[in-house]
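*Asks:* Once you've had a glance at the structure underneath, I'll fire off some questions.
Chains as they are written, first to last, in our numbering: chain A, 193 to 428; chain B, 193 to 428; chain C, 126 to 404.
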């Protein structure tokens with residue numbers, strides 16, 4: 193304890209900054225109280241904890257002014273005082289972390305169908321996959337940034353059509369979408385075997401962003417329906 | 193420090209108000225980071241969060257000087273930085289005080305032996321204290337989070353070695369382990385040498401997380417024996 | 126050494142019977158024999174380095190004796206120390222003779238003094254440590270820290286191979302695994318009945334049912350279904366008295382006509398099949 197006091201003496205002697213010397217003790221006390229408190233404190237609580245005779249209002253005002261330009265400000269919220277990080281520094285208190293995630297098999301399969309069969313509606317995806325699709329699958333794929341809603345099919349119910357994005361092409365190292373291997377290549381690489389029924393076809397996808405004849409554009413509101421939380425803006 | 197002095201000169205020549213205007217942004221950022229953090233932050237962490245090109249050392253020194261006379265001080269504990277209330281204001285903060293679990297004399301002495309003699313085995317602790325140690329003593333200390341099993345001594349029986357944690361230096365406000373009070377006297381009187389009784393190979397306490405030559409690492413199972421319920425995982 | 130201890134212990138046993146006023150012995154207040162020794166040493170009120178180990182050993186042994194007299198349970202640590210001190214005492218009293226390899230009595234005494242000093246030193250630093258401003262007792266960290274918010278960016282990864290495999294596997298599965306049940310083409314009973322009713326209305330003469338059917342059976346695969354349904358419908362209509370039905374032999378063509386009320390149908394004259402079925 194003594195050493196702390198001694199140290200302070202030394203500091204004050206070395207550095208005769210009149211500002212600090214004249215800084216009222218009440219400001220030190222308030223500073224410590226507000227710093228250590230688990231919750232914001234109101235005037236009444238502060239007054240009760242400070243020695244008698246302290247001009248609380250003046251001390252708070254002085255403290256607030258002193259911290260106004262700092263990285264930490266003395267703020268009053270709901271009639272209570274607390275130190276808070278300066279609002280312009282909120283970026284400092286966030287950390288961006290990359291979280292590696294693995295696509296589920298359903299998502300990967302859906303993505304593949306979208307890639308080959310685009311523009312494709314949900315019902316068409318389900319038809320190709322032979323299973324109905326959970327809502328989350330499209331959401332996850334939208335989150336990857338690899339698919340996007342392209343437009344709406346000119347058909348009853350005007351279902352949304354999906355297609356892949358530039359991010360898809362670049363993630364999978366394709367120069368263009370038409371580089372996706374076709375039927376013969378898939379057969380040649382052994383991914384598809386010979387036991388395929390006649391008439392089996394693999395579509396040749398195109399990444400022409402222009403809408404097809406049977407598509408009509410999305411309306412502005414379509415993207416706000418939560419249908420495409422992370423659709424890439426400006427991508428067409 | 194030189195730059196701090198220089199800056200202070202400038203400050204003193206100017207009017208009182210420009211002080212804050214002139215205050216480098218780095219100090220604001222550091223202030224915000226250190227105020228916000230629950231744990232002390234080391235130089236590396238701080239540097240990583242600050243814009244490139246900031247003279248961290250100078251900014252920290254300036255900040256420390258600035259806060260030295262305040263109700264909240266910037267202190268260095270265990271090589272990390274943290275704001276703490278000024279130690280002369282403990283009377284003000286009794287409401288914030290958490291009633292610490294009172295350590296028994298046996299536990300306190302054992303803690304001291306571990307702190308000053310680390311890395312140290314149970315047998316060595318017993319040798320200093322001249323009494324066999326009850327199982328509970330180590331448990332109580334492990335529970336405080338101030339000690340941790342470090343490794344195993346390369347000796348018959350491969351006894352576990354104990355050392356202190358970051359929480360220990362932080363709790364007792366030690367800038368580094370060599371700031372343990374009375375360490376120099378202890379060392380000067382040859383009482384840490386272990387000249388007479390064998391067994392103390394390390395003349396100076398060290399919480400260097402790196403294992404000593406006569407230590408080998410704990411195996412994963414060692415920590416599951418309930419020996420270290422709160423060993424700090426990230427401590428290296 | 127063992128002789129000494131036995132001697133010592135038998136003394137105690139003898140003395141236990143006596144009714145001397147007991148010393149106040151509080152063994153629970155001590156942290157082991159070294160602590161007890163340290164406390165006794167402090168009573169000598171001299172620097173630990175100048176302490177008389179011999180006197181200390183006597184004091185300790187007296188203490189133990191007193192404790193035993195009171196039938197206090199003493200931890201093994203205390204008894205081991207007593208034994209060691211009794212041994213040390215005998216070595217200090219007797220001139221050091223043989224066994225040059227053994228520690229001298231003076232060295233042993235010095236080692237004990239060292240341990241006492243060391244324990245006292247650790248006591249002091251422990252107290253000094255405790256007197257430091259402690260976090261949460263004397264100094265405080267920010268009471269309401271603002272945690273660093275972690276913004277997690279999920280990063281998905283998949284390879285082209287994953288993608289192509291996923292595509293090929295499901296296409297293949299779908300292509301091969303899809304069992305298509307061709308919709309079974311049947312002529313329902315109701316269809317047959319209404320068709321026959323309409324057909325019968327066209328002619329009151331005997332007609333071969335198959336003739337009627339043929340005009341309906343466009344696709345060959347429907348023939349069986351049409352025949353079966355229409356036959357069942359015909360029987361039903363006969364029962365209801367709407368139709369007459371006749372067949373010459375098993376598997377011969379079946380003739381039907383609109384029911385002609387009255388006696389059994391004329392036979393032979395018009396060379397129509399004879400065995401009219403009437404129910």
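A virtual CB, placed ideally from N, CA and C, is assigned to each residue, including glycine. Just so you know, these numbers come straight off a predicted model, no measurement behind them.
1) Can you give the Cα-Cα distance for residue 381/C and residue 367/C, rounded to whole angstroms?
2) Where do the ends of the beta strand (DSSP E) carrying residue 345/B lie?
3) Quickly, what does DSSP pair residue 275/C with across the bridge? List them, please.
4) What's the gap between the Cα of residue 409/B and the Cα of residue 334/A?
5) Out of 394/A, 354/A and 282/A, point me to the one whose CA is closest to residue 306/A's CA.
6) Verify the CB distance criterion: does residue 277/A have a CB-CB separation below 9 Å to chain C?
7) Spatial neighbours of residue 246/A within its chain, please: C-beta separation below 7 Å, excluding the five flanking residues on both sides.
8) Using alpha carbons as the reference points, say which of 253/C, 244/C and 250/C lies closest to residue 316/B.
9) Quick check: the Cα distance between residue 262/B and residue 222/A, rounded to an integer number of angstroms?
10) Considering only DSSP beta bridges, list what residue 187/C is partnered with.
11) Can you find a C-beta in chain C that's less than 9 Å from the C-beta of residue 345/B?
12) Compare the beta carbon distance of residue 272/B and residue 225/B with 9 Å and say whether it is the shorter of the two.
13) Taking 9 Å as the threshold (C-beta atoms), are residue 365/B and residue 264/C in contact?
14) Can you list, in chain order, the residues of its chain with a C-beta nearer than 7 Å to that of residue 363/B? Leave out the 5 residues immediately preceding and following it.
15) From this set, 323/B, 325/B, 356/B and 293/B, which residue's C-alpha is nearest residue 261/C's C-alpha?
16) Label residue 265/B either buried or exposed according to how many other C-beta atoms from any shown protein chain fall within 10 Å of its C-beta, with 16 as the threshold for buried.
17) Does the distance from the CB of residue 399/A to the CB of residue 370/A come in under 9 Å?
18) Between 179/C, 156/C, 278/C and 271/C, which lies nearest to residue 213/C when the distance is taken from Cα to Cα?
19) Answer yes or no: does any C-beta atom of chain B fall closer than 9 Å to that of residue 411/A?
20) Would you list the one or two residues that DSSP bridges to residue 234/A?
21) Interface residues of chain B around residue 188/C at Cβ under 8 Å?
22) For the candidate residues 207/C, 174/C, 176/C and 292/C, whose alpha-carbon lies nearest to that of residue 190/C?
23) DSSP state of residue 142/B, grouped into three classes?
24) What would DSSP say about residue 198/C, mapped onto helix, strand or coil?
25) Would you call the CB atoms of residue 455/A and residue 380/A closer than 9 Å?
26) Which residues does DSSP pair with residue 355/B in a beta bridge?
27) Alpha helix (DSSP H) containing residue 403/A: first to last residue?
28) Whose C-alpha, out of 284/C, 271/C, 156/C and 164/C, is nearest the C-alpha of residue 278/A?
29) Do residue 291/C and residue 304/A have their C-beta atoms closer together than 9 Å?
30) For residue 368/C, report the span of its beta strand (DSSP E) as first-last.
31) Among the candidates 157/C, 330/C, 352/C and 353/C, whose CA atom is the shortest distance from the CA of residue 301/B?
32) Taking only beta carbons into account, state which residues of the segment 291-312 of chain A come closer than 9 Å to chain C, listed in chain order.
33) Beta-carbon separation of residue 329/B and residue 340/B under 9 Å?
34) So what does DSSP say about residue 411/B, is it helix, strand or coil?
35) So is residue 311/B buried or exposed if we call it buried at 16+ other beta carbons inside 10 Å?
*Replies:* Let's see:
1) Against the third chain, residue 381/C aligns to sequence position 256. Against the third chain, residue 367/C aligns to sequence position 242. Straight-line measurement puts the Cα of residue 367/C at about 10 Å from the Cα of residue 381/C.
2) Here residue 345/B refers to the residue found at position 153 when the second chain is read from its first residue. Counting along the chain, residue 345/B sits inside the beta strand (DSSP E) bounded by residues 339-345.
3) In the third chain, residue 275/C corresponds to position 150, counting from 1. Paired residues: 287/A.
4) The residue given as residue 409/B occupies position 217 in the second chain. The residue given as residue 334/A occupies position 142 in the first chain. Distance between the alpha carbons of residue 409/B and residue 334/A is about 46 Å.
5) Against the first chain, residue 306/A aligns to sequence position 114. Considering only 394/A, 354/A and 282/A, the residue with the shortest C-alpha distance to residue 306/A is 354/A.
6) Sequence index remark: in the first chain, residue 277/A carries index 85 (1-based). Closer than 9 Å to some Cβ of chain C, the Cβ of residue 277/A qualifies, so yes.
7) Taking the first residue of the first chain as position 1, residue 246/A is located at position 54. Hits under 7 Å: 218.
8) For the purposes of this step, residue 316/B is taken as the residue at position 124 of the second chain. Nearest option by C-alpha distance: 244/C.
9) Taking the second chain and counting its residues from 1, one reaches residue 262/B at position 70. Taking the first chain and counting its residues from 1, one reaches residue 222/A at position 30. Straight-line Cα distance between these residues: approximately 10 Å.
10) As a position in the third chain, residue 187/C is number 62, starting the count at 1. None; residue 187/C has no bridge partner.
11) Counted from its first residue, the second chain places residue 345/B at position 153. Interface criterion not met: the Cβ of residue 345/B is under 9 Å from no Cβ in chain C.
12) What you label residue 272/B is simply residue 80 of the second chain in a count that begins at 1. What you label residue 225/B is simply residue 33 of the second chain in a count that begins at 1. For residue 272/B and residue 225/B, no; Cβs fall outside 9 Å.
13) Walking along the third chain from the start, residue 264/C turns up at place 139. Walking along the second chain from the start, residue 365/B turns up at place 173. Yes; because the gap between Cβ atoms is below 9 Å, this pair is in contact.
14) Here residue 363/B refers to the residue found at position 171 when the second chain is read from its first residue. The answer, listed in chain order, is 338.
15) Counting from one through the third chain, the residue named residue 261/C turns up at place 136. Comparing Cα-Cα distances from residue 261/C to each of 323/B, 325/B, 356/B and 293/B, the minimum goes to 293/B.
16) On the second chain, position 73 is the one that residue 265/B refers to. Counting Cβ neighbours within 10 Å, residue 265/B comes out buried, since at least 16 surround it.
17) Mapped onto the first chain, residue 399/A falls at position 207. Mapped onto the first chain, residue 370/A falls at position 178. Cβ atoms of residue 399/A and residue 370/A: closer than 9 Å.
18) Stepping through the third chain from its first residue, residue 213/C is reached at position 88. Nearest of 179/C, 156/C, 278/C and 271/C to residue 213/C, Cα basis: 179/C.
19) By one-based count along the first chain, residue 411/A stands at place 219. No, because no Cβ of chain B sits closer than 9 Å to the Cβ of residue 411/A.
20) The residue labelled residue 234/A in the question sits at position 42 within the first chain. DSSP lists 272/A as partners of residue 234/A.
21) Numbered from 1 along the third chain, position 63 holds the residue referred to as residue 188/C. For a Cβ distance threshold of 8 Å, nothing in chain B lies close to residue 188/C: the least Cβ distance comes to about 15 Å.
22) For the purposes of this step, residue 190/C is taken as the residue at position 65 of the third chain. The shortest C-alpha separation from residue 190/C is found at 207/C.
23) Residue 142/B lies beyond the residue range present for chain B, which begins at 193 and ends at 428; the question has no answer from this structure.
24) In the third chain, residue 198/C corresponds to position 73, counting from 1. The DSSP-derived three-state label of residue 198/C is coil.
25) Look at the range of chain A in this structure, 193 to 428, and you will see that residue 455/A is not part of it.
26) By 1-based counting over the second chain, the position of residue 355/B is 163. Beta-bridge pairing links residue 355/B to 340/B.
27) Locating residue 403/A in the first chain gives position 211, where the first residue counts as 1. Taken as a continuous stretch (DSSP letters only), residue 403/A belongs to no alpha helix (DSSP H), as it is neither H nor E.
28) In the first chain, counting from the first residue as 1, residue 278/A sits at position 86. Among 284/C, 271/C, 156/C and 164/C, the Cα nearest to that of residue 278/A belongs to 271/C.
29) Along the third chain, one-based indexing puts residue 291/C at 166. Along the first chain, one-based indexing puts residue 304/A at 112. Residue 291/C places its beta carbon less than 9 Å from that of residue 304/A.
30) Mapped onto the third chain, residue 368/C falls at position 243. 368-372 is the span of the beta strand (DSSP E), which, as asked, contains residue 368/C.
31) Here residue 301/B refers to the residue found at position 109 when the second chain is read from its first residue. Here the closest residue by C-alpha is 157/C.
32) Those would be 291, 292, 293, 294, 295, 297, 299, 300, 301, 302, 303, 304, 305, 307 and 308, in chain order.
33) Here the question's residue 329/B lines up with position 137 in the second chain. Here the question's residue 340/B lines up with position 148 in the second chain. Against a cut-off of 9 Å, the Cβ pair of residue 340/B and residue 329/B comes out as no contact.
34) In the second chain, residue 411/B corresponds to position 219, counting from 1. In the three-state reduction of the DSSP assignment, residue 411/B falls in the coil class.
35) Residue 311/B sits at position 119 when you count from the first residue of the second chain. Under this definition residue 311/B is a buried residue.
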